[in-house]
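The structure appears below as structure tokens.
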Ligand SMILES: C[S@@+](CC[C@H](N)C(=O)[O-])C[C@H]1O[C@@H](n2cnc3c(N)ncnc32)[C@H](O)[C@@H]1O
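Numbering (this note's numbering), first residue to last: 394 to 613.
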């Protein structure tokens, strides 16, 4: 049985703004607890308002490791004004641009998990280019275009240690609508075709893959 979050953590996840359904959150949590046993940091790409971060942070707390979360906090294409996934409350009225950092900080504070998380604010490929140590888990939930999802895979998946987990969100083998593209699905196929990962679970659009062969970047 995968580990399940305590009721207060689940409540904090469900209270946070975001797009992840509870069944997928539970699968992410189980993967994060399992990956935490490697004693390495857990990293997500795509913080938004911290919904999934709550789960990674609680798993990191239990394992005595740090959760890292990467986002420029300006929103993805489909979250911009005029698009279906836009939330006007995420716009900073002073500058007229999205800024999800304040909501993210409130989410973590309310969940009592601030000290277990390091927020990396910036563009994912720019941060990945500076990154130089192995990770127990990489959760890819950033930009959903081929450019962004592909860069996240190329920048972060090599750092997953042997036995660590690569978790990909919004994997849709069939296109759902014009907003849910298939870039995450193509990344998922690339990971499997690399021969370096095997699938361990499928929950809704969430896929959990285990690294069976380390790259140089993933070695301790
Ligand atoms: C789908 S949301 C993440 C949802 C979040 N994981 C949750 O559970 O609610 C995607 C996030 O990725 C961020 N993002 C998109 N492209 C990015 C990039 N190239 N670098 C950093 N962040 C990016 C957006 O700002 C947005 O907050």
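Each residue gets a CB set at the ideal place from its N, CA and C atoms; glycine is no exception.
Owing to the predicted nature of the structure, the values given are computational and were not obtained by experimental measurement.
Tell me which residues share the same chain as residue i and place their Cβ nearer than 7 angstroms to its Cβ, disregarding the 5 neighbours each side in the sequence.
i           : result
residue 524 : 552
residue 589 : 604, 605 and 606
residue 515 : 465
residue 429 : 435, 452, 453, 455, 456, 458 and 529
Around the C-beta of residue i, are 16 or more other C-beta atoms found within 10 angstroms, so that it is buried, or is it exposed?
i           : result
residue 517 : buried
residue 526 : exposed
residue 456 : buried
residue 488 : exposed
residue 394 : exposed
residue 580 : buried
residue 549 : buried
residue 501 : buried
residue 474 : exposed
residue 408 : exposed
residue 511 : exposed
For a quick check, are the C-beta atoms of residue i and residue j less than 8 angstroms apart?
i           : j           : result
residue 532 : residue 442 : no
residue 592 : residue 582 : no
residue 606 : residue 547 : no
residue 558 : residue 585 : no
residue 466 : residue 446 : no
residue 403 : residue 461 : no
residue 444 : residue 413 : yes
residue 450 : residue 426 : no
residue 561 : residue 600 : yes
residue 431 : residue 448 : no
residue 543 : residue 439 : no
residue 405 : residue 521 : no
residue 598 : residue 563 : yes
residue 417 : residue 596 : yes
residue 481 : residue 458 : no
Which residues in the same chain have their Cβ closer than 6 angstroms to the Cβ of residue i, if we skip the five residues on either side of it in sequence?
i           : result
residue 538 : 576
residue 436 : 461, 528 and 531
residue 478 : 471 and 472
residue 507 : 501
Excluding sequence positions up to five away, which residues of its chain have a Cβ less than 8 angstroms from the Cβ of residue i?
i           : result
residue 483 : 410, 442, 468, 472, 491, 492, 493 and 496
residue 610 : 525, 527, 551 and 552
Notebook entry, point to check: Can you pull every residue whose C-beta falls closer than 5 angstroms to some heavy atom of ligand 1, listed in chain order?
Noted result: 411, 413, 439, 441, 444, 445, 464, 465, 468, 469, 516, 517, 534, 535, 536 and 541
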